[in-house]
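Notes follow once the structure below has been shown.
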Amino acid sequence: MSKIEPTLAAPMAPSRIDFAAVLARQSERDARIAALRPANKERLFDGLFAAGITHVTVCFDGYGDSGQVESIVAYAGETEVAFPKTQIAYAALTWDDPEVEMRALSLEDVVEQLAYDFLSDTHGGWENNDGAYGEFCFDADARSIHLEFNERFTSSELYTHDF
């Protein structure tokens, strides 16, 4: 009878990635994106006002690692209206280019992009596991954006008894 000794793989070499530098670059990128947002919001609200749209609601839902905007509805007062074909400038950064890219997007597309951006900023991973759902209200008159966010989670309660 022979005894077989387990063999272990050689340890991995230390990482050569400078994680502090990676995090610093990401932090800088996040700050640049945040700096673009006020002007994007102003152009959106100007476009909504010019189109006679008083507010827009955006409903979203996500779970199980998948999430999406379910509906985007524009209103003039209490009346639902169609988005005009108007396009406005939207400033963005792409992953592979440090320069700001100006895109021409429809009002509806800018609303959707900002909703996804704010979800990512405030509740990153909102679509994972049990997920979340909610609604944005883009109030053109007040020039503000309100988010109602509902996070889902599984709960358990432990009860122990000794008899």
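Its first residue numbered 238, the sequence shown is counted upward by one per residue in my numbering. Using N, Cα and C, we set each Cβ at its ideal position, and we do this for glycine too.
Item to check | Residues near Asn387 in its chain [Cβ-Cβ closer than 8 Å; skip 5 each side] | outcome: Taking the sequence shown and counting its residues from 1, the one referred to as residue 387 is at position 150. Taken in chain order, the residues that qualify are Ala369, Tyr370, Gly371.
Checklist entry - Which residues does DSSP pair with Phe373 in a beta bridge? => result If you number the sequence shown from 1, residue 373 lands on position 136. Phe373 pairs with Val295, Leu384.
Item to check | With 16 other Cβ atoms within 10 Å as the buried cut-off, status of Asp327 | outcome: To locate residue 327, count along the sequence shown from 1; it is residue 90. The sequence shown places Tyr at residue 327, rather than the Asp named in the question. So Tyr327 ends up on the buried side.
Checklist entry - On the three-pair Cβ rule with 8 Å, is the segment 331-350 touching the segment 265-281? => result Three or more beta-carbon pairs drawn from the segment 331-350 and the segment 265-281 are found closer than 8 Å, and the two stretches are therefore classed as touching.
Item to check | Nearest candidate by alpha-carbon position, reference His292, set Leu260, Leu344, Ala250 | outcome: Within the sequence shown, the letter at position 55 stands for residue 292. When only C-alpha atoms are compared, the closest one is Leu344.
Next on the checklist: Let me check understanding here. Comparing Cα to Cα, which of Gly301, Leu384, Tyr396, Glu394 lies closest to Asp354?
Outcome noted: Residue mapping note: residue 354 aligns to position 117 of the sequence shown, counting from 1. For Asp354, the nearest C-alpha among the options comes from Leu384.
Item to check | Same chain only: Cβ atoms within 6 Å of Ser308, ignoring 5 sequence neighbours per side | outcome: Within the sequence shown, residue 308 is the residue found at index 71, counting from 1. Correct list, in chain order: Cys296.
Next on the checklist: If I measure Cβ to Cβ from Phe286 and keep anything under 7 Å in the same chain, skipping five residues before and after, which residues do I get?
Outcome noted: Within the sequence shown, numbered from 1, the residue matching residue 286 stands at position 49. Excluding sequence positions up to five before and after Phe286, its CB lies within less than 7 Å of the CB of Ala377, all in the same chain and listed in chain order.
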